[in-house]
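Undergrad: The sequence shown finishes on residue 308 if you use this note's numbering, and the numbering steps up by one all the way, no holes. Virtual Cβ for every residue (Gly too), placed ideally from N, Cα, C. Please read these numbers as outputs of a predicted model, since none were measured by experiment. Please see the structure below; I have some questions.
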Amino acid sequence: MLRITVPGSTANLGPGFDSVGLAVNRYLTLDVKLSDKWIFRPLSKDVAEIPSGKDNLVYQTAEKVADHYRKALPACSVDVWSNIPLARGLGSSAAAISAGIELADALLCLGMTAQEKVRLASLYEGHPDNVGASIMGGLVIGSHRADDTDVIHVQNLDIDIVVVIPIYEIKTKDARKVLPTTFTREYAVEASAISNMLVAALLTKQWKLAGKMMEKDLFHQPFRLPLIPEIEAIRSSALNSAAFGVAISGAGPTVICFAEKGKGPQVKKKLINDFPHFQIEELSIDNKGSVVTKNEFQEQM
């Protein structure tokens with residue numbers, strides 16, 4: 008048996024659009040056995056409707072990796088469990104892509120490095136934020152280009168996280184449709200400077216400044232606000248409690264609130280009181296990233 012566990016993630020953190028990601032303690036888990044055909048069996052409600060055959064995203068990703076290395080995947084039976092909600096901005100598709108890469112790496116004994124995994128995942132996903140966090144854990148800051156992918160991995164970011172998860176979904180493709188296709192040079196320079204300041208503030212633990220930069224984002228949040236009608240009220244509630252920053256998680260609709268260590272419960276209590284019909288949870292940062300455990304799997308091979 009082979010077990011693959013991959014954390015979910017939040018991306019952007021405001022102005023870090025398509026380049027900053029943070030792994031969180033929501034997980035996709037695969038239990039894999041050799042079989043005579045590919046089959047995926049869902050074991051939790053968040054994956055209840057996933058494709059059961061080769062149209063599954065995990066398989067499709069693993070097959071791309073196998074093709075890249077000119078090898079053939081053995082057929083497997085895969086039990087799938089997840090508590091990462093679909094289309095909520097917590098990296099469900101990125102976790103599946105990352106799991107597919109880990110699956111191919113383990114099945115084919117490729118011995119890929121984390122950087123190699125992130126490069127392939129970014130080629131399939133289009134950007135390194137969510138997939139980098141799912142593979143490496145912690146905070147990742149990345150740049151993905153046609154010829155290369157560079158990622159900086161930061162651990163031990165000492166903050167609390169509270170998420171407000173609405174009951175409705177927002178597909179990433181729909182959230183991208185509302186974004187402008189071009190910016191003026193002046194606008195792009197201002198937006199880039201805000202993103203740079205966010206990263207600098209996070210790395211130097213200047214939490215108030217980091218929250219300020221989350222509020223100043225120009226890349227995506229101003230255009231996505233109409234998709235999440237409750238966000239302004241959530242932001243006001245969290246900031247009036249103990250949060251230092253609030254942002255759309257990925258493409259939304261989840262809203263993520265950041266607080267200094269130890270102040271998360273206070274933020275959660277306030278949000279539960281103000282938004283009793285939403286799912287509100289305190290999360291923690293996952294610093295391990297994807298984990299692969301083999302139990303006599305090589306002997307079966």
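Quick check on residue 308: does DSSP put it in helix, strand or coil?
TA: Annotation note: pLDDT 43 at residue 308 (below 50); position unreliable, coordinate value reported separately. Residue 308: coil per DSSP, three-state reduction.
Undergrad: Under a Cβ-count criterion, where at least 16 other Cβ atoms within 10 Å of its own Cβ denotes burial, should residue 19 be classed as buried or exposed?
TA: By the 10 Å Cβ count, residue 19 comes out buried.
Undergrad: Rounded to whole angstroms, what's the CA-CA distance from residue 269 to residue 51? Just pull it up for me.
TA: The alpha-carbon atoms of residue 269 and residue 51 are separated by roughly 31 Å.
Undergrad: Expressed to the nearest angstrom, what Euclidean distance is found between the alpha-carbon atoms of residue 125 and residue 156?
TA: Between residue 125 and residue 156, the C-alpha separation is close to 8 Å.
Undergrad: To which residues of the same chain is residue 256 closer than 7 Å at the C-beta, ignoring the five residues directly before and after it?
TA: Answer for residue 256: 17, 96, 97, 170, 262, 263, listed in chain order.
Undergrad: What do you reckon, are the CB atoms on residue 119 and residue 296 nearer than 7 Å?
TA: No, the Cβ-Cβ distance between residue 119 and residue 296 is not below 7 Å.
Undergrad: Output the distance between the C-alpha atoms of residue 9 and residue 222, rounded to the nearest integer angstrom.
TA: Looking at the two C-alpha atoms, the distance is approximately 43 Å.
Undergrad: Residue 145 and residue 161: beta carbons closer than 7 Å?
TA: A contact, by the Cβ cut-off of 7 Å.
Undergrad: Pull the bridge partners of residue 176 from the DSSP assignment, please.
TA: DSSP lists no partner for residue 176.
Undergrad: For residue 217 versus residue 259, is the C-beta spacing smaller than 7 Å?
TA: Not closer than 7 Å, so no.
Undergrad: What would DSSP say about residue 270, mapped onto helix, strand or coil?
TA: Reduced to three states, the DSSP call for residue 270 is coil.
Undergrad: Taking the alpha carbon of residue 53 as the point to measure from, which residue in 224, 88, 80 has its own alpha carbon closest?
TA: The option with the nearest alpha carbon to residue 53 is 88.
Undergrad: Give me the residue from 249, 173, 109 with the minimum Cα distance to residue 284.
TA: Ranking 249, 173, 109 by Cα distance to residue 284 puts 173 first.
Undergrad: Let me know if residue 22 comes out buried or exposed under the rule of 16 or more other beta-carbons within 10 Å of its beta-carbon.
TA: So residue 22 ends up on the buried side.
Undergrad: Enumerate, from N- to C-terminal direction, the unbroken beta strand (DSSP E) stretches of 3 or more residues contained entirely within the region 131-204.
TA: If we require 3 residues or more, the beta strand (DSSP E) runs fully inside the region 131-204 come out as 146-151, 156-161, 166-172.
Undergrad: For residue 108 versus residue 72, is the C-beta spacing smaller than 7 Å?
TA: For residue 108 and residue 72, yes; Cβs fall inside 7 Å.
Undergrad: Does DSSP classify residue 219 as helix, strand or coil?
TA: If DSSP states are grouped into helix, strand and coil, residue 219 belongs with the helices.
Undergrad: At which residue ranges does the region 51-122 contain complete alpha helix (DSSP H) runs of 4 or more residues, listed in the order of the chain?
TA: Entirely contained in the region 51-122, the alpha helix (DSSP H) runs reaching 4 residues are, in chain order, 64-75, 99-114.
Undergrad: Mapping the DSSP letters down to three states, classify residue 293 as helix, strand or coil.
TA: Note: residue 293 maps to coil in three-state DSSP.
Undergrad: For residue 43, which of helix, strand or coil comes out of DSSP?
TA: Here residue 43 sits in coil by DSSP.
Undergrad: Can you list, in chain order, the residues of its chain whose CB lies under 8 Å from that of residue 7, leaving out five sequence neighbours each side?
TA: Residue 7 lies beyond the residue range present for the chain, which begins at 8 and ends at 308; the question has no answer from this structure.
Undergrad: Rounded to whole angstroms, how far is the Cβ of residue 225 from the Cβ of residue 175, which I believe are closer than 8 Å?
TA: No, residue 225 and residue 175 are not in contact; Cβ-Cβ is about 26 Å, not under 8 Å.
Undergrad: In or out: residue 40 buried (at least 16 other Cβ within 10 Å) or exposed?
TA: So residue 40 ends up on the exposed side.
Undergrad: Whose CA, out of 266, 69, 133, 248, lies closest to the CA of residue 2?
TA: Past the edges of the chain, shown from 8 to 308, lies residue 2, and the structure says nothing about it.
Undergrad: Taking the alpha carbon of residue 37 as the point to measure from, which residue in 49, 28, 31 has its own alpha carbon closest?
TA: With distances taken between Cα atoms, residue 37 lies closest to 49.
Undergrad: Name the DSSP beta bridge partners of residue 265, please?
TA: 168, 252.
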